[in-house]
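Protein chains in written order, with my numbering: chain A, -17 to 196; chain B, 1314 to 1555.
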């Protein structure tokens, strides 16, 4: 082994790895969109008396059991015509919705009581109370917290490997076993992860400064 | 369902490995978190830079990728083969330790400045100040977040089944393939994970209560073990001072 990284070789495998990274990023973005919308829905519906507590328990259950085995479970149960990617993204989205729902909830609870009373006094319909008064204030406060889950999700996408999605880690595994060069492949995978997650972390810290200060 | 009951010992074996991985990970990540967290609060720039590099690198890479690197790349790079179990704990510990270090650092920084000034006026050494004044207060602040991290750690142990360790997830997947009874097999596995998580959360709450008690704060929702099962009320991080 001459030197730690062979740049010629890493250059050769880069296109394959970047293809894998693209799948990883796609899964993250679509999964995140699901987590954001579903989480919001859950946070609002959770305020319904009995159904809400059931939902709360279900979310707690999802949050305290591992994502990998949830993926494998749903993959085993789902009809064969769904692709692993679709299943992976949906499960990832639902798993993180259990987290984002809590974030939204804390935001909603942080909205001052007077805001609700004022909406009442103006006899706004429920949809307007939520849509025009409560949610805009609640969401603004939780944007940084939501951003952290984007990075967390990005780092959980390698788990899609377990159900056969050919994302970054799977590509590295294939290439590595073909050429029996795991050092270069896995090191580059690690570096690619850093290339994406460190700038995102910096971006989120900026968001934090901008929104929390308000 | 009968099949699941007959396979009960295998579930327990799997769960035991999961618990071992979790405990090993907790020990390692706690040591790393404390070390790099305290390092991150030192005045000189060099130790702070070391802590930042550790935190950003291991927070930025998925634990599974680190684990693969230890298991597949390290033997080729150095000719040194780690035990799979050890490599798994190392990867999980490094990953969660980075999250923990951030918690430790910010909790120490959140200790009121007047406390530090008081230790200076009492002519305490850095060690005395850290051990007697700063850490006990920061500790109470860290514990709630540590509770979340411990559950995250336990969940993260499930990835070891991708590198062939026979943990609870591996057992569930194996039994599914053997029997085809996906639903009962996975429900038992999920329930066991849920149970372990609840026990871990309970233990952290006990520690939390002890830490607050030592600082002369009592829990807001009254004492009793049952009180620990209730989630803390939002916004009341610490109880009233006595």
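Don't be surprised by glycine CBs; every beta carbon is placed ideally from N, CA and C.
Out of the options, which has the shortest C-alpha to C-alpha gap to residue i?
{"i": "residue 10 of chain A", "options": "A:72, A:44, A:86", "result": "A:72"}
{"i": "residue 158 of chain A", "options": "B:1370, B:1381, B:1492", "result": "B:1381"}
{"i": "residue 134 of chain A", "options": "A:99, A:110, A:56, A:49", "result": "A:49"}
{"i": "residue 90 of chain A", "options": "A:99, A:121, A:104", "result": "A:121"}
{"i": "residue 1392 of chain B", "options": "A:20, A:101, A:164, A:113", "result": "A:164"}
{"i": "residue 1390 of chain B", "options": "A:187, A:169, A:132, A:193", "result": "A:169"}
{"i": "residue 1476 of chain B", "options": "B:1377, B:1318, B:1327, B:1416", "result": "B:1377"}
{"i": "residue 1399 of chain B", "options": "B:1510, B:1493, B:1473", "result": "B:1473"}
{"i": "residue 1367 of chain B", "options": "B:1388, B:1430, B:1345", "result": "B:1345"}
{"i": "residue 1394 of chain B", "options": "B:1370, B:1401, B:1463, B:1383", "result": "B:1383"}
{"i": "residue 1363 of chain B", "options": "B:1372, B:1349, B:1371", "result": "B:1349"}
{"i": "residue 177 of chain A", "options": "A:55, A:141, A:7", "result": "A:7"}
{"i": "residue 151 of chain A", "options": "A:-1, A:-8, A:192, A:190", "result": "A:-1"}
{"i": "residue 44 of chain A", "options": "B:1321, B:1522, B:1360, B:1511", "result": "B:1511"}
{"i": "residue 23 of chain A", "options": "A:160, A:174, A:37", "result": "A:37"}
{"i": "residue -7 of chain A", "options": "A:166, A:181, A:182", "result": "A:166"}
{"i": "residue 1508 of chain B", "options": "A:42, A:31, A:35", "result": "A:42"}
{"i": "residue 172 of chain A", "options": "A:113, A:103, A:155, A:67", "result": "A:155"}
{"i": "residue 1448 of chain B", "options": "B:1462, B:1425, B:1434", "result": "B:1425"}
{"i": "residue 83 of chain A", "options": "A:143, A:-4, A:25", "result": "A:25"}
Which term fits residue i, buried or exposed, when burial requires 16 or more other beta carbons within 10 angstroms of its beta carbon?
{"i": "residue 95 of chain A", "result": "exposed"}
{"i": "residue -13 of chain A", "result": "exposed"}
{"i": "residue 1450 of chain B", "result": "buried"}
{"i": "residue 1441 of chain B", "result": "exposed"}
{"i": "residue 1525 of chain B", "result": "buried"}
{"i": "residue -17 of chain A", "result": "Residue placement at residue -17 of chain A is poorly supported in this model, since its pLDDT is 46, which falls under 50; the coordinates are not used for a value here."}
{"i": "residue 179 of chain A", "result": "buried"}
{"i": "residue 1455 of chain B", "result": "buried"}
{"i": "residue 1471 of chain B", "result": "buried"}
{"i": "residue 99 of chain A", "result": "exposed"}
{"i": "residue 27 of chain A", "result": "exposed"}
{"i": "residue 1311 of chain B", "result": "Nothing about residue 1311 of chain B can be read from this structure; chain B reaches only from 1314 to 1555."}
{"i": "residue 1329 of chain B", "result": "exposed"}
{"i": "residue 39 of chain A", "result": "exposed"}
{"i": "residue -10 of chain A", "result": "exposed"}
{"i": "residue 1342 of chain B", "result": "buried"}
{"i": "residue 188 of chain A", "result": "exposed"}
{"i": "residue 1515 of chain B", "result": "exposed"}
{"i": "residue 1546 of chain B", "result": "Note that residue 1546 of chain B scores a pLDDT of 48, beneath 50, so its modelled location is shaky and nothing firm can be said."}
{"i": "residue 29 of chain A", "result": "exposed"}
{"i": "residue 1523 of chain B", "result": "exposed"}
{"i": "residue 231 of chain A", "result": "Since the displayed chain A opens at -17 and closes at 196, residue 231 of chain A lies outside it and no answer follows."}
{"i": "residue 1428 of chain B", "result": "exposed"}
{"i": "residue 1521 of chain B", "result": "buried"}
{"i": "residue 1375 of chain B", "result": "buried"}
{"i": "residue 196 of chain A", "result": "Caution is warranted here: a pLDDT of 49 is assigned to residue 196 of chain A, below 50, making its placement in the model unreliable, and the coordinate value is therefore given only provisionally. With fewer than 16 other Cβ atoms within 10 Å, it is exposed."}
{"i": "residue 1320 of chain B", "result": "buried"}
{"i": "residue 1372 of chain B", "result": "buried"}
{"i": "residue 1463 of chain B", "result": "buried"}
{"i": "residue 1434 of chain B", "result": "exposed"}
{"i": "residue 1518 of chain B", "result": "buried"}
Ends of the alpha helix (DSSP H) at residue i?
{"i": "residue 1412 of chain B", "result": "1397 to 1422"}
{"i": "residue 38 of chain A", "result": "31 to 45"}
{"i": "residue 76 of chain A", "result": "66 to 91"}
{"i": "residue 17 of chain A", "result": "-11 to 27"}
{"i": "residue 1433 of chain B", "result": "1426 to 1434"}
{"i": "residue 1442 of chain B", "result": "Counting along the chain, residue 1442 of chain B falls outside any alpha helix (DSSP H), and DSSP gives it neither H nor E."}
{"i": "residue 1324 of chain B", "result": "1321 to 1352"}
{"i": "residue 1462 of chain B", "result": "1448 to 1469"}
{"i": "residue 1379 of chain B", "result": "1376 to 1381"}
{"i": "residue 1356 of chain B", "result": "Note, residue 1356 of chain B: premise wrong, no alpha helix (DSSP H); not H, not E."}
{"i": "residue 101 of chain A", "result": "95 to 103"}
{"i": "residue 136 of chain A", "result": "117 to 138"}
{"i": "residue 145 of chain A", "result": "Counting along the chain, residue 145 of chain A falls outside any alpha helix (DSSP H), and DSSP gives it neither H nor E."}
{"i": "residue 113 of chain A", "result": "Residue 113 of chain A -> no alpha helix (DSSP H), and no H or E assigned at all."}
{"i": "residue 158 of chain A", "result": "150 to 161"}
{"i": "residue 51 of chain A", "result": "49 to 59"}
**Message:** Would you call the stretch 1407 to 1415 of chain B in contact with the stretch 1331 to 1351 of chain B, where contact means no fewer than 3 C-beta pairs closer than 8 Å?
**Reply:** yes
**Prompt:** Is the number of C-beta pairs between the stretch 1497 to 1508 of chain B and the stretch 1352 to 1365 of chain B that are closer than 8 Å three or more?
**Reply:** no
**Asked** Is the stretch 59 to 75 of chain A touching the stretch 138 to 148 of chain A, taking contact as three or more C-beta pairs under 8 Å?
**Response** yes
**Item:** Sufficient close CB pairs (3 or more, under 8 Å) joining the stretch 39 to 56 of chain A to the stretch 1480 to 1497 of chain B
**Value:** yes
**Prompt:** Between the stretch 1314 to 1329 of chain B and the stretch 1492 to 1501 of chain B, are three or more C-beta pairs nearer than 8 Å?
**Reply:** yes
**Prompt:** How about the stretch 125 to 143 of chain A and the stretch 56 to 63 of chain A: do they share at least three Cβ pairs that are nearer than 8 Å?
**Reply:** no
**Message:** For the stretch 1343 to 1354 of chain B against the stretch 1415 to 1433 of chain B, do three or more pairs of beta-carbon atoms, one drawn from each stretch, fall closer than 8 Å, so that the two count as touching?
**Reply:** yes
**Request:** Decide yes or no for the touch test of the stretch 13 to 25 of chain A against the stretch 76 to 92 of chain A: beta carbon pairs closer than 8 Å, at least 3 of them.
**Result:** yes
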